[in-house]
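Residues in the sequence shown are numbered from 285 upward in steps of one, following my numbering. Data block below; observations after.
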Amino acid sequence: MNRVSNWLQSNRQTLLRGAGSALALILLLVLIKEESGAEILSALRRVSWGYFLAAIFALLISRVFITARWFTLLRFAELEISFLRVSQLTFTGLFASNFLPTTIGGDVARLAGVMQLGYDRAVCLASLIADRLIGMAGMVFTLPFGLVPAWSLMQAPAAQSAFLPSLYRKGVNFLQRALETFGVWARRPQALLLSLLATFANMAFIFLSIWLLIRGMEKNIPYWLIAGLWSLTYFVTLVPVSINGFGVQELSLTFLLSALGGLSHAESLAIAVLIRLLFIITSLPGAFFLPAILAAMNQTRNRPHEDSLP
């Protein structure tokens with residue numbers, strides 16, 4: 285009995301997130317059931333293969349800029365590592381994020397990989413935290429494009445009492461963590477600037493991929509509104525109530541696209557599902573790179589700070 289109790293205690297967070305994802309998926313299924321299945325399928329079929337493949341290509345480019353962001357932080361921290369190696373680790377992390385039961389699975393995979401290659405743990409961990417925080421900072425810049433049209437939805441007293449204090453606390457925590465983390469790069473502001481520019485490029489191609497899917501349905505939502513709505517969805521999924529945002533991301537985006545983007549519920553659901561599919565597809569190269577990363581870990585375990593590519 286004690287073993288069961290200890291296991292439940294140690295895995296409480298994962299279990300709660302699993303329950304949150306399950307609840308969100310149930311709500312999503314209820315929403316799908318309320319809509320006509322034929323309408324959802326029709327919305328999906330309206331996206332031609334041309335638009336779908338273009339959206340995949342745009343999202344793959346965004347992954348390259350995610351790699352560039354982390355690569356910049358590592359190189360300015362004076363770690364000698366190649367862009368190709370960072371690409372392999374990044375895609376392996378993206379693959380882990382989609383298929384491991386934790387929202388930080390990708391970061392854990394990247395940290396384990398770069399440490400096994402012989403690099404300093406403290407610097408690598410700081411670079412990953414900085415990478416995540418810079419990604420969040422980039423989304424802050426486009427958040428107003430979603431908050432302004434969504435402001436009317438938050439006018440209810442209940443929404444204000446629940447949302448605004450939570451947003452304030454998250455902002456304070458974000459600033460504290462940022463100040464603590466960026467000490468490594470404080471003397472190299474160009475590294476932070478280049479990383480932020482890579483973040484903006486990453487975001488631009490994410491928004492483009494969503495815009496292409498919507499255009500594929502012969503609908504038109506302004507690019508900057510898409511940016512704002514995705515930023516809102518991004519910050520909602522950061523709340524630790526689900527595994528990797530599964531269900532929560534789809535529900536949030538469906539609501540925002542239908543309430544503020546002018547799409548029908550069926551169209552919004554179809555877009556939300558397609559976006560999740562795109563993120564999974566573009567993470568699949570990580571499965572291909574995983575054997576090479578594991579082989580490199582074994583080869584360099586006793587040779588710190590080498591980066592000879594297979």
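Backbone N, C-alpha and C define an ideal beta-carbon position, used for all residues, glycine too. Just so it is clear, the structure is predicted and the values come from calculations on it, not from any experiment.
Whole-number beta carbon distance between residue j and residue i, since they are thought to touch under 8 Å
{"i": "ALA380", "j": "ALA393", "result": "4 Å"}
{"i": "LEU497", "j": "ILE555", "result": "6 Å"}
{"i": "LEU363", "j": "TYR335", "result": "That belief does not hold up - the Cβ atoms of LEU363 and TYR335 are roughly 40 Å apart, past 8 Å."}
{"i": "THR566", "j": "LEU344", "result": "5 Å"}
{"i": "LEU553", "j": "ILE324", "result": "6 Å"}
{"i": "VAL407", "j": "ALA352", "result": "Actually they do not touch by this definition, with Cβ atoms about 18 Å apart."}
Nearest residue (CA-CA) to residue i, options the options
{"i": "MET423", "options": "SER366, LEU368, LEU478, ASN486", "result": "ASN486"}
{"i": "LEU373", "options": "GLU364, GLU362, ASN382, TRP354", "result": "TRP354"}
{"i": "PHE367", "options": "ARG347, ASN382, PHE383", "result": "ARG347"}
{"i": "TRP435", "options": "LEU561, ARG472, SER548, ALA543", "result": "ALA543"}
{"i": "TRP508", "options": "LEU417, PHE519, ALA406, LEU427", "result": "LEU427"}
{"i": "VAL398", "options": "ARG359, PHE383, ALA421, PHE425", "result": "ARG359"}
{"i": "LEU568", "options": "GLY390, TRP495, LEU541", "result": "GLY390"}
{"i": "PRO575", "options": "ARG369, ALA361, ARG330", "result": "ARG369"}
{"i": "ALA605", "options": "PHE491, LYS503, LEU478, ALA352", "result": "Residue 605 cannot be examined here, being either before or after the span of the chain that is shown, 285 to 594."}
{"i": "ILE490", "options": "PRO433, PHE341, VAL532, ALA361", "result": "PHE341"}
{"i": "LEU477", "options": "ARG405, ALA421, PHE539, VAL432", "result": "ALA421"}
{"i": "LEU417", "options": "VAL532, ASN382, VAL432, PHE519", "result": "PHE519"}
{"i": "SER332", "options": "MET501, PHE383, PHE539, LEU480", "result": "MET501"}
{"i": "PRO433", "options": "ALA511, ARG330, VAL532", "result": "ALA511"}
{"i": "LEU481", "options": "ASP415, TRP495, VAL532, GLY545", "result": "ASP415"}
{"i": "TRP595", "options": "ARG405, GLY545, SER371, ASN382", "result": "Coverage of the chain is limited to positions 285 through 594, which leaves residue 595 absent and any answer about it impossible."}
Three-way DSSP call (helix, strand, coil) for residue i in this model
{"i": "GLY545", "result": "coil"}
{"i": "THR502", "result": "Just to set this straight, residue 502 is Glu in the shown sequence, not Thr. Note: GLU502 maps to coil in three-state DSSP."}
{"i": "VAL398", "result": "helix"}
{"i": "GLY531", "result": "coil"}
{"i": "ILE365", "result": "coil"}
{"i": "LEU568", "result": "coil"}
{"i": "ARG472", "result": "coil"}
{"i": "LEU537", "result": "helix"}
{"i": "PRO575", "result": "helix"}
Proximity of residue i and residue j at Cβ, strictly below 9 Å
{"i": "LEU513", "j": "GLY430", "result": "yes"}
{"i": "ARG499", "j": "GLU534", "result": "no"}
{"i": "THR517", "j": "LEU547", "result": "no"}
{"i": "PHE530", "j": "PHE375", "result": "no"}
{"i": "ILE357", "j": "ALA488", "result": "One detail in the question is off: residue 357 reads as Leu in this sequence, not Ile. No, they are not a contact pair."}
{"i": "LEU401", "j": "ILE365", "result": "yes"}
{"i": "ALA396", "j": "SER493", "result": "no"}
{"i": "LEU522", "j": "LEU328", "result": "no"}
{"i": "GLY283", "j": "LEU337", "result": "For residue 283 there is no data in the structure shown, the boundaries of the chain being 285 and 594."}
{"i": "LEU562", "j": "ILE505", "result": "no"}
Delimiting residues of the alpha helix (DSSP H) encompassing residue i
{"i": "SER332", "result": "SER332 -> no alpha helix (DSSP H), and no H or E assigned at all."}
{"i": "TYR507", "result": "507-521"}
{"i": "ASP415", "result": "405-434"}
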